[in-house]
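Peer 1: Can you read through this structure? Questions will come right after.
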Amino acid sequence: MRELFISVPIWVVALLLLAFFIAVTLVARAVVTKRCGDGSREELADEATRLLTGLAATFAFFVGFSITVTWGAVAAGQSAVEQQSSAIQQMSWSINNIPDKAESAVLREKLRRYATTAAYENADDLARGETLELPSLIPSTASRTRFTSTHSVPKCQRPRCQVW
Numbered sequence: 154m155r156e157l158f159i160s161v162p163i164w165v166v167a168l169l170l171l172a173f174f175i176a177v178t179l180v181a182r183a184v185v186t187k188r189c190g191d192g193s194r195e196e197l198a199d200e201a202t203r204l205l206t207g208l209a210a211t212f213a214f215f216v217g218f219s220i221t222v223t224w225g226a227v228a229a230g231q232s233a234v235e236q237q238s239s240a241i242q243q244m245s246w247s248i249n250n251i252p253d254k255a256e257s258a259v260l261r262e263k264l265r266r267y268a269t270t271a272a273y274e275n276a277d278d279l280a281r282g283e284t285l286e287l288p289s290l291i292p293s294t295a296s297r298t299r300f301t302s303t304h305s306v307p308k309c310q311r312p313r314c315q316v317w
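Structure below.
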């Protein structure tokens, strides 16, 4: 359900909720108009006035719940972004300590390309808080044989793994 809300634009969700509440209002009005006489309509209006407090409290509860859920989703995304930025910063510091400046420049360029790719292509994964199998994290199969001679790399699970 959370992934559905992330993938659907917010304006679509707002329009759907607005349409739902308009439909409920129109149906309730049509039922009251057709089924009730003038005297019972006055009683319903008095009851509706008394029920407004409970309805407002329920609405406030739902608003608080949605803020809590949103806060949790934002916290998960923020944690994933902080984890990635910390790892990139540590790699950058390690690359700066390599004595061979030509090799460090090549590695720094690869790190810059990875960071850019992770920021732009993995935005949905980072928003969900998923950082274990980012598409840009895993090298392509063309360079895997050269890369895996000294490193252990998991197999690519997604089709767009073409960063390295």
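Those letters in the sequence shown? Residues 154 to 317, by our numbering. No residue lacks a Cβ here, since even glycine has one placed at the ideal position from N, Cα and C.
May I ask you to verify whether the segment 207-215 touches the segment 226-243, counting CB pairs closer than 8 Å and requiring at least 3?
Peer 2: Contact fails: fewer than three Cβ-Cβ distances are below 8 Å.
Peer 1: Should Tyr273 be labelled buried (16 or more other beta-carbon atoms within 10 Å of its own) or exposed?
Peer 2: To locate residue 273, count along the sequence shown from 1; it is residue 120. Exposed, since its Cβ has fewer than 16 Cβ neighbours within 10 Å.
Peer 1: Report the rounded CA-to-CA distance for Ala229 versus Ser219, giving the unit in angstroms.
Peer 2: Numbered from its first residue, the sequence shown carries residue 229 at position 76. Numbered from its first residue, the sequence shown carries residue 219 at position 66. Straight-line Cα distance between these residues: approximately 15 Å.
Peer 1: Kindly indicate the opening and closing residues of the alpha helix (DSSP H) around Pro275.
Peer 2: Reading the sequence shown from its first residue, position 122 is the one you call residue 275. Here residue 275 turns out to be Asn, not Pro, going by the sequence shown. Taken as a continuous stretch (DSSP letters only), Asn275 belongs to no alpha helix (DSSP H), as it is neither H nor E.
Peer 1: Helix or strand or just coil, what does DSSP make of Glu286?
Peer 2: Within the sequence shown, numbered from 1, the residue matching residue 286 stands at position 133. Correct three-state label for Glu286: coil.
Peer 1: I need the DSSP call for Ile251, collapsed to helix, strand or coil.
Peer 2: What you label residue 251 is simply residue 98 of the sequence shown in a count that begins at 1. Of the three classes helix, strand and coil, the one that applies to Ile251 here is coil, per DSSP.
Peer 1: DSSP three-state call for Ser232: helix, strand or coil?
Peer 2: Here the question's residue 232 lines up with position 79 in the sequence shown. If DSSP states are grouped into helix, strand and coil, Ser232 belongs with the helices.
Peer 1: Return the CA-CA distance between Ser160 and Arg281, expressed in angstroms with no decimal places.
Peer 2: Walking along the sequence shown from the start, residue 160 turns up at place 7. Walking along the sequence shown from the start, residue 281 turns up at place 128. Spanning the two alpha carbons is a distance of roughly 10 Å.
Peer 1: Can Leu197 and Val216 be called in contact, C-beta distance under 8 Å?
Peer 2: Indexing the sequence shown from 1 puts residue 197 at position 44. Indexing the sequence shown from 1 puts residue 216 at position 63. No, the Cβ-Cβ distance between Leu197 and Val216 is not below 8 Å.
Peer 1: Is it right to say Ala181 is buried, meaning 16 or more other beta carbons lie within 10 angstroms of its own, or is it exposed?
Peer 2: Here residue 181 corresponds to residue number 28 of the sequence shown, with the count starting at 1. The residue in question, Ala181, is exposed, as its Cβ has fewer than 16 Cβ neighbours within 10 Å.
Peer 1: Here's the rule: buried if 16 or more other CB atoms are within 10 angstroms of the residue's CB, otherwise exposed. What is Asp277?
Peer 2: Indexing the sequence shown from 1 puts residue 277 at position 124. So Asp277 ends up on the exposed side.
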